[in-house]
Amino acid sequence: MSWSSEIRTRRHPARAFTANDIVAPAVFGLILLGAWFATTAGGRIPAFILPTPTAVFRAAGELFATPNFWPYLGNTLVSALAGTLLGLLFSVPLAFAIHHFHWLNAAVQPFLGASQAIPAVALAPLLLIWLPASWLAIVVLCAIMVFFPILVSTTVGLRHLPVEVLEAAKLDGANTWQLLRHMELPLVLPSLMGGIRNGITLSITGAVVGEIVIGGHGMGTLITLQSHNVDTAGMFVSLFTICTLATAIYLGVYQLERRSKSINTV
Numbered sequence: 001m002s003w004s005s006e007i008r009t010r011r012h013p014a015r016a017f018t019a020n021d022i023v024a025p026a027v028f029g030l031i032l033l034g035a036w037f038a039t040t041a042g043g044r045i046p047a048f049i050l051p052t053p054t055a056v057f058r059a060a061g062e063l064f065a066t067p068n069f070w071p072y073l074g075n076t077l078v079s080a081l082a083g084t085l086l087g088l089l090f091s092v093p094l095a096f097a098i099h100h101f102h103w104l105n106a107a108v109q110p111f112l113g114a115s116q117a118i119p120a121v122a123l124a125p126l127l128l129i130w131l132p133a134s135w136l137a138i139v140v141l142c143a144i145m146v147f148f149p150i151l152v153s154t155t156v157g158l159r160h161l162p163v164e165v166l167e168a169a170k171l172d173g174a175n176t177w178q179l180l181r182h183m184e185l186p187l188v189l190p191s192l193m194g195g196i197r198n199g200i201t202l203s204i205t206g207a208v209v210g211e212i213v214i215g216g217h218g219m220g221t222l223i224t225l226q227s228h229n230v231d232t233a234g235m236f237v238s239l240f241t242i243c244t245l246a247t248a249i250y251l252g253v254y255q256l257e258r259r260s261k262s263i264n265t266v
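Numbering (UniProt numbering) for the sequence shown: 1 to 266.
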């Protein structure tokens with residue numbers, strides 16, 4: 001058995017998508033919606049604190065019909081995706097370097113851990129000072145948010161590569177590039193996709209936080225304007241829209257991750 005065929009025998013079958021994946025979240029969402037209706041019924045809670053679902057639905061219709069709303073959402077999405085790509089370009093090579101050079105792992109681990117203690121809201125003003133444009137500062141903030149999850153997931157995936165298969169490939173004469181192209185990258189792909197799946201939602205969070213602190217023309221800016229106008233229902237719509245966007249991207253990357261687990265590498 002060749003080392004390439006050995007990889008095919010180690011594919012992880014993707015879990016089948018079942019009706020429960022839709023029914024369970026839908027039922028839980030209906031329960032939350034019912035509790036929301038019950039809590040706000042009769043005007044016991046002021047609308048500026050917690051609006052009724054009906055008021056939020058009405059605000060959603062008005063906001064979605066506003067031409068300026070969709071550019072706000074698009075700007076946040078572009079910033080988040082650009083930051084994810086930037087974080088990906090730095091985190092994946094570093095993960096492979098850490099895997100192959102143990103001294104580098106020992107050198108950077110303490111600094112990587114310490115960097116996670118710095119909140120994004122504290123980094124945003126510094127990035128605005130260091131970088132020439134507010135949009136670039138937001139993108140870099142998103143990249144910082146997504147960097148660590150991708151780095152950790154990829155590093156863990158590399159650590160769990162089948163050593164016996166790698167050794168067999170070396171005995172068959174595979175060089176470093178062949179090992180990287182035909183073995184390490186395909187086998188670590190599910191872990192990498194898992195890191196992207198978790199990181200991209202943090203990237204959206206980073207974009208919104210950056211827009212609130214730094215400024216710009218995204219959903220964070222819209223939420224700030226709504227807050228100044230005490231438009232609580234509008235803020236709920238904006239938050240729900242951001243959550244829907246993050247969920248859609250999360251599920252999309254999850255589907256790619258499932259496919260990567262059954263990819264037929266050669």
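Note that beta-carbon positions come from the ideal geometry of N, C-alpha and C, so glycine has one too.
Model, not experiment: these values are computed from the prediction.
query = Just to confirm, are ARG82 and VAL209 a CB contact at a threshold of 7 Å?
reply = The sequence position of residue 82 within the sequence shown is 82, counting from 1. The sequence position of residue 209 within the sequence shown is 209, counting from 1. As written in the sequence, residue 82 is Ala, which differs from the Arg given in the question. In this structure, VAL209 does not lie closer than 7 Å to ALA82 by Cβ.
ask   = Of all the options PRO110, VAL152, LEU88, which has the alpha carbon lying nearest to the alpha carbon of HIS99?
value = On the sequence shown, position 99 is the one that residue 99 refers to. Ranking PRO110, VAL152, LEU88 by Cα distance to HIS99 puts VAL152 first.
ask   = Should PRO51 and THR232 be called a contact, given that it needs their Cβ atoms to be closer than 7 Å?
value = As a working mapping, residue 51 is identified with position 51 in the sequence shown. As a working mapping, residue 232 is identified with position 232 in the sequence shown. Yes. Within cutoff.
message = Beta-carbon within less than 6 Å of THR201's beta-carbon, same chain only, minus the 5 sequence neighbours each way: which residues are those?
response = For the purposes of this step, residue 201 is identified with residue 201 of the sequence shown, where counting begins at 1. The answer, listed in chain order, is ALA246, TYR250.
task = Determine, using beta carbons only, whether ALA143 and LEU127 come nearer to each other than 7 Å.
result = Working through the sequence shown from its first residue, we reach residue 143 at position 143. Working through the sequence shown from its first residue, we reach residue 127 at position 127. No, these two residues do not count as a Cβ contact at 7 Å.
ask   = What is the C-beta distance between THR154 and ALA95, in whole angstroms, given that I count them as a contact (C-beta under 8 Å)?
value = For the purposes of this step, residue 154 is identified with residue 154 of the sequence shown, where counting begins at 1. For the purposes of this step, residue 95 is identified with residue 95 of the sequence shown, where counting begins at 1. Indeed they touch by this definition, with Cβ atoms about 4 Å apart.
message = Just verifying my parser: in three-state terms, what is the DSSP assignment at THR66?
response = Residue 66 sits at position 66 when you count from the first residue of the sequence shown. The answer is coil: DSSP assigns THR66 none of H, G, I, E or B.
task = Measure the beta-carbon distance from VAL237 to ALA59 and round it to whole angstroms, keeping in mind my assumption that it falls under 8 Å.
result = Walking along the sequence shown from the start, residue 237 turns up at place 237. Walking along the sequence shown from the start, residue 59 turns up at place 59. Indeed they touch by this definition, with Cβ atoms about 5 Å apart.
query = What are the boundary residues of the alpha helix (DSSP H) that ASN198 is part of?
reply = Taking the first residue of the sequence shown as position 1, residue 198 is located at position 198. Unbroken alpha helix (DSSP H) run through ASN198: 185-213.
request  = Kindly indicate which residue of LEU123, PRO149, VAL156 has the alpha-carbon position closest to the one of LEU141.
outcome  = In the sequence shown, the residue the question calls residue 141 occupies position 141. The residue with the shortest Cα to Cα distance from LEU141 is LEU123.
request  = In the DSSP assignment, find the unbroken alpha helix (DSSP H) run with PRO110 in it and report its ends.
outcome  = In the sequence shown, the residue the question calls residue 110 occupies position 110. Note, PRO110: alpha helix (DSSP H), 102-115.
ask   = Assuming VAL183 and LEU171 make a contact with CB atoms under 8 Å, what is their CB distance in whole Å?
value = Working through the sequence shown from its first residue, we reach residue 183 at position 183. Working through the sequence shown from its first residue, we reach residue 171 at position 171. According to the sequence displayed, residue 183 carries Met and not Val. 13 Å between Cβ atoms; not a contact.
query = Under the three-state reduction of DSSP, which class applies to GLY157: helix, strand or coil?
reply = Taking the first residue of the sequence shown as position 1, residue 157 is located at position 157. GLY157 falls in the helix class under three-state DSSP.
ask   = Can you tell me where the alpha helix (DSSP H) with LEU166 in it begins and where it stops?
value = Stepping through the sequence shown from its first residue, residue 166 is reached at position 166. Looking at the DSSP string, the run of the alpha helix (DSSP H) that includes LEU166 is 163-171.
task = Report yes or no: do three or more beta-carbon pairs, one from the region 187-206 and one from the region 75-93, lie closer than 8 Å?
result = yes
inquiry  = Going by C-alpha to C-alpha distance, which of ALA47, ASN105, PHE147, PHE37 sits closest to GLY199?
reply    = On the sequence shown, position 199 is the one that residue 199 refers to. Nearest C-alpha to GLY199: PHE147.
request  = In the DSSP assignment, find the unbroken alpha helix (DSSP H) run with PHE48 in it and report its ends.
outcome  = Residue numbering aside, residue 48 sits at position 48 when the sequence shown is read from its first letter. Counting along the chain, PHE48 falls outside any alpha helix (DSSP H), and DSSP gives it neither H nor E.
query = Considering ASP231, what are the terminal residues of the alpha helix (DSSP H) in which it resides?
reply = As a working mapping, residue 231 is identified with position 231 in the sequence shown. Segment: none, ASP231 is in no alpha helix (DSSP H) and carries neither H nor E.
key: Secondary structure of ASN20, DSSP reduced to three states   = Looking up residue 20 in the sequence shown gives position 20. Note: ASN20 maps to helix in three-state DSSP.
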